[in-house]
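Have a look at the structure below, then the notes.
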Amino acid sequence: MSAKRLYLVILMLAIGFQQASIAQEKPPAPAQITPATAELDPQLKVNKDALLNGSIDAATVMLFHDDPKAREILLDALIQNENGPARMAVCKAIIQARVAKKTIQNDQDFIEPLLGILNTENDAETQLAAEATLIFEYDKIRDSLEKIFTDPNKPAKTKINAIHALKLRLDMKATIRLIELVDDPDKQVSAEAENALHSLGIPVGEDPQTRKQNINAIKQQGQVAFLRAQLIRQDAQMRKERAALDLWQRRYKLELDKRYESISEDAAKGEFLATYLVDPETVVRLWALDKAYKWRVAPGSKLPEKLSPVLIKLISDSDRDVRLITAELLALMPKLNSASPLLAQLGAEQDDQVKTKLLVALGGACSNAILSNPAATISPEMKEIRKQTLEWAAKFLSEENAEKARNGAEVINKLLKRDGLEPKEVDKYLVMLSERYNKQKDNPDRTLRGELLSEMAALCAQDSTCKVNAAKLFENLFVEALRDEANFVREAAVDGLAYIDKTKALKLLRNEFINDPSLILREKIIALANAVGGKEDLNWLAEKIGANSESEPAWQAMLKIFNGSDAGVLKEWMDKLILQSSKVKLSNEQRIDFLKIAEAAKGNSENKPEIRKRLAGLYYSTGQYEQAEAYLSILYEIAQTPEAKKAILPNLLDACLRGAKPERTAELVKSCLTEGDLDPNSIIVQTIDNYFSKPPVGTDPSEVLKVLVAIKVPQGRPQWNQQLKGWTDFLGKAKELDKPNQQSS
Numbered sequence: 002m003s004a005k006r007l008y009l010v011i012l013m014l015a016i017g018f019q020q021a022s023i024a025q026e027k028p029p030a031p032a033q034i035t036p037a038t039a040e041l042d043p044q045l046k047v048n049k050d051a052l053l054n055g056s057i058d059a060a061t062v063m064l065f066h067d068d069p070k071a072r073e074i075l076l077d078a079l080i081q082n083e084n085g086p087a088r089m090a091v092c093k094a095i096i097q098a099r100v101a102k103k104t105i106q107n108d109q110d111f112i113e114p115l116l117g118i119l120n121t122e123n124d125a126e127t128q129l130a131a132e133a134t135l136i137f138e139y140d141k142i143r144d145s146l147e148k149i150f151t152d153p154n155k156p157a158k159t160k161i162n163a164i165h166a167l168k169l170r171l172d173m174k175a176t177i178r179l180i181e182l183v184d185d186p187d188k189q190v191s192a193e194a195e196n197a198l199h200s201l202g203i204p205v206g207e208d209p210q211t212r213k214q215n216i217n218a219i220k221q222q223g224q225v226a227f228l229r230a231q232l233i234r235q236d237a238q239m240r241k242e243r244a245a246l247d248l249w250q251r252r253y254k255l256e257l258d259k260r261y262e263s264i265s266e267d268a269a270k271g272e273f274l275a276t277y278l279v280d281p282e283t284v285v286r287l288w289a290l291d292k293a294y295k296w297r298v299a300p301g302s303k304l305p306e307k308l309s310p311v312l313i314k315l316i317s318d319s320d321r322d323v324r325l326i327t328a329e330l331l332a333l334m335p336k337l338n339s340a341s342p343l344l345a346q347l348g349a350e351q352d353d354q355v356k357t358k359l360l361v362a363l364g365g366a367c368s369n370a371i372l373s374n375p376a377a378t379i380s381p382e383m384k385e386i387r388k389q390t391l392e393w394a395a396k397f398l399s400e401e402n403a404e405k406a407r408n409g410a411e412v413i414n415k416l417l418k419r420d421g422l423e424p425k426e427v428d429k430y431l432v433m434l435s436e437r438y439n440k441q442k443d444n445p446d447r448t449l450r451g452e453l454l455s456e457m458a459a460l461c462a463q464d465s466t467c468k469v470n471a472a473k474l475f476e477n478l479f480v481e482a483l484r485d486e487a488n489f490v491r492e493a494a495v496d497g498l499a500y501i502d503k504t505k506a507l508k509l510l511r512n513e514f515i516n517d518p519s520l521i522l523r524e525k526i527i528a529l530a531n532a533v534g535g536k537e538d539l540n541w542l543a544e545k546i547g548a549n550s551e552s553e554p555a556w557q558a559m560l561k562i563f564n565g566s567d568a569g570v571l572k573e574w575m576d577k578l579i580l581q582s583s584k585v586k587l588s589n590e591q592r593i594d595f596l597k598i599a600e601a602a603k604g605n606s607e608n609k610p611e612i613r614k615r616l617a618g619l620y621y622s623t624g625q626y627e628q629a630e631a632y633l634s635i636l637y638e639i640a641q642t643p644e645a646k647k648a649i650l651p652n653l654l655d656a657c658l659r660g661a662k663p664e665r666t667a668e669l670v671k672s673c674l675t676e677g678d679l680d681p682n683s684i685i686v687q688t689i690d691n692y693f694s695k696p697p698v699g700t701d702p703s704e705v706l707k708v709l710v711a712i713k714v715p716q717g718r719p720q721w722n723q724q725l726k727g728w729t730d731f732l733g734k735a736k737e738l739d740k741p742n743q744q745s746s
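The working numbering runs 1 ahead of the 1-based position in the sequence shown.
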């Protein structure tokens, strides 16, 4: 079922409701037609010339004009066979007046000219003329239509066109006449009447007698009952046809999907979409737009250049949804040279939602065009576009509608941040923003309040050319907004203050807002401390450690401060952070990070041995044996007494073994063997024995044994030699036991 047929069904349903509920008054006497030779008013002549070129607007103006000559021009246009566009413009103007429920004075003037169009062969003209006759009640034109049906000299085509005029009416008498026409001797007329009845869901009847019974049944129903039954039938038929249409549309789009997905190259995909973006069917253009939109929003994607001119043309498409999606897509493509056509369509657009999306797209396109060129080289045309865009944005900003106001503020922000505007112009729009925000302060819509403040804050950022003036105007508003109940508003206020002066903002915020209910706001303050914080921020930052998502940012801020601190501050915080009894629950890795900073600090030499001892212990306990070995070796070398060295040696040797440093292991063992034999109770032997019993993953015990065997042992070390033999036997057996496992694997 075609979309055109579905449209007609819907149209007839609307007509039925209108005719059932609205009774027209008895028309006044016909207007006097002014002679064609009379001189026309200059404006009327302009309208006449426009009408002759097919202007619907001109026809509409003259349709309601008081001058009788205007009516004469319209009637003359309807009877001129050689100017189809003018005829169609008059018909469309009459149709629009009916839809808008506007009263046309002396409408009976149009009966004969409109019905006269039914004689033409042009289907587009006859269909519009038939629809235009709906301004009359059926009784008003019934006799004129009847003359067409009963005139034996009238062509079948004219009678078929008249049947179309009957079919558009949900009128009992018109339907009865259609049933009677099924018995017309002209087979073409009879067939067309039957088809019209089928399309309306009216039973035709197999023979004249049955049809006569059907007519009597309709008459007995009466007009109201007939309309009710007909509306029920039309509604069922409409649902059926809509379902069928939806089914075929889905099938068609699925086929398009398959063809589209089968194309691998971007250029070929672009060619494919370009073809369907200009398809005459709206549903197909919407399908192609949907594909283009998804392509554009995919990460790292870019639409082919070939689609750019096609998309720009769709800004003024006849379909509202096409224009809406096109505007949304162009908002994602600010580098496209679309500012001028977007501005033109913004002025012509009637749909509020589309208008809003057009402004957003225009703001992006205009901002990008200005950003792409130095202020001195911006063309006069682009300056004018920016000027008009700002004026549109100001209109949107003043609207009560939250989305419009937000988008107006967003566009003003984009265009004020760029250079090239006169200072007084900049100040004018900055004041508009502050006034709109002040107006919103007592409004329950907290979201818009925050969004406005957020745009104002962005104008204070470093990349804004008006940041100085914006800061002067907005700073007090930001401070005041810190007391707002809405989290979003307070968060935007912090952004604004941070853009103006981070140090000043942190000084204000650390006193009262570090425990604000908003996590986002608290994280913003922590970020400020990371950027410009000092030792006075360490205490409150330390309280954040371990507090969910604030913990890591707070710790990073502390590390940043510690990096710039002197030895005195680091010493003060050593016990606060490192001792197990500390209230600040750091992880071992965090303790290591702090100790590394403390170790590297200037003027901290007296604390280095203790710092390195703690680092060695932390690295060893966390399994970072290579780093542990490095620090233990330093401690071992600087140990002042044999007892101190002896205390360090077991962990140092174990770190060497587990850190895969066999040569260093051999050096330590050789040093011990120089002093004497190593019996099984020796801590050295026990450490090595523990390693061989359970070597860590990634280490090779055989390499360790090899370097131990290679040590040149002084005479008189029997117990050590016995240990070596035991380890050799143990590792050999372990290899033998492991062979079956290796073969099976």
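Beta carbons are placed, not taken as given, at the ideal position from N, Cα and C, and that holds for glycine.
- The alpha-carbon separation between residue 87 and residue 174 amounts to approximately 32 angstroms.
- Approximately 4 angstroms separates the beta-carbon atoms of residue 418 and residue 465; this is inside 8 angstroms, confirming the contact.
- In the three-state DSSP reduction, residue 89 falls in the helix class (H, G or I).
- The region 334–345 makes contact with the region 355–373; the number of CB pairs closer than 8 angstroms reaches 3 or more.
- Remark: C-beta atoms of residue 308 and residue 290 do not approach each other more closely than 8 angstroms.
- In the three-state DSSP reduction, residue 418 falls in the coil class, being neither helix nor strand.
- The Cβ atoms of residue 578 and residue 592 lie closer than 8 angstroms to each other.
- By a beta-carbon distance limit of 8 angstroms, residue 444 contacts residue 450. Their separation comes to about 7 angstroms.
- Of the candidates 528, 345, 537, the residue whose Cα lies closest to the Cα of residue 552 is 528.
- Secondary structure of residue 183 (DSSP, three-state): coil.
- In the three-state reduction of the DSSP assignment, residue 548 falls in the coil class, being assigned neither a helical nor a strand state.
- In the three-state reduction of the DSSP assignment, residue 267 falls in the helix class, which pools H, G and I.
- By the neighbour-count definition (other C-beta atoms within 10 Å, threshold 16), residue 65 is an exposed residue.
- Only residues of its own chain outside the window of five on either side were considered, and among them 352, 355 have a CB closer than 8 angstroms to the CB of residue 321, listed in chain order.
- Three or more Cβ pairs closer than 8 angstroms define a contact, and the region 267–286 falls short of that threshold against the region 235–242.
- Contact between the region 165–174 and the region 219–228 is present, with at least three C-beta pairs closer than 8 angstroms.
- Counting only residues of its own chain and dropping the five nearest sequence neighbours on each side, residue 666 has a CB closer than 7 angstroms to the CB of 654, 657, 658, 705, 708.
- Going by DSSP, residue 354 is part of the alpha helix (DSSP H) stretching over 353–372.
- Counting C-beta pairs with one atom in each stretch, the region 91–99 and the region 53–70 have three or more that are closer than 8 angstroms, which means they touch.
- Of all C-beta pairs linking the region 369–376 to the region 310–329, fewer than three are shorter than 8 angstroms, placing the two stretches out of contact.
- Counting the other Cβ atoms within 10 Å of the Cβ of residue 565 gives fewer than 16, which makes it exposed.
- In the DSSP assignment, residue 67 falls outside any alpha helix (DSSP H) and carries neither an H nor an E.
- Secondary structure at residue 238: helix, using DSSP grouped into helix, strand and coil.
- Within the region 103–146, the runs of alpha helix (DSSP H) that reach at least 4 residues and sit entirely inside it are, in chain order, 112–117, 124–133.
- If you look at residue 196, you'll find it in the alpha helix (DSSP H) that goes 188–201.
- Residue 416 places its beta carbon 8 angstroms or farther from that of residue 448.
- Measuring C-alpha to C-alpha distances from residue 360 to each of 210, 333, 381 identifies 333 as the nearest.
- For residue 209, the CB contacts under 8 angstroms within the same chain, skipping 5 residues up- and downstream, are 184 in chain order.
- In the DSSP assignment, residue 81 falls outside any alpha helix (DSSP H), carrying neither H nor E.
- Rounded to whole angstroms, the separation of the alpha carbons of residue 273 and residue 254 is 14 angstroms.
- Cβ neighbours of residue 346 within its own chain (closer than 7 angstroms, five residues either side excluded): 316, 317, 359.
- Between residue 721 and residue 714, the C-beta gap is smaller than 8 angstroms, which places the two residues in contact.
- Of all alpha-carbon atoms in 225, 662, 685, 98, the one lying nearest the alpha-carbon of residue 672 is that of 685.
- Between the region 95–111 and the region 130–139, the count of C-beta pairs closer than 8 angstroms reaches three or more; the two stretches touch.
- When DSSP states are grouped into helix, strand and coil, residue 655 belongs to the helix group.
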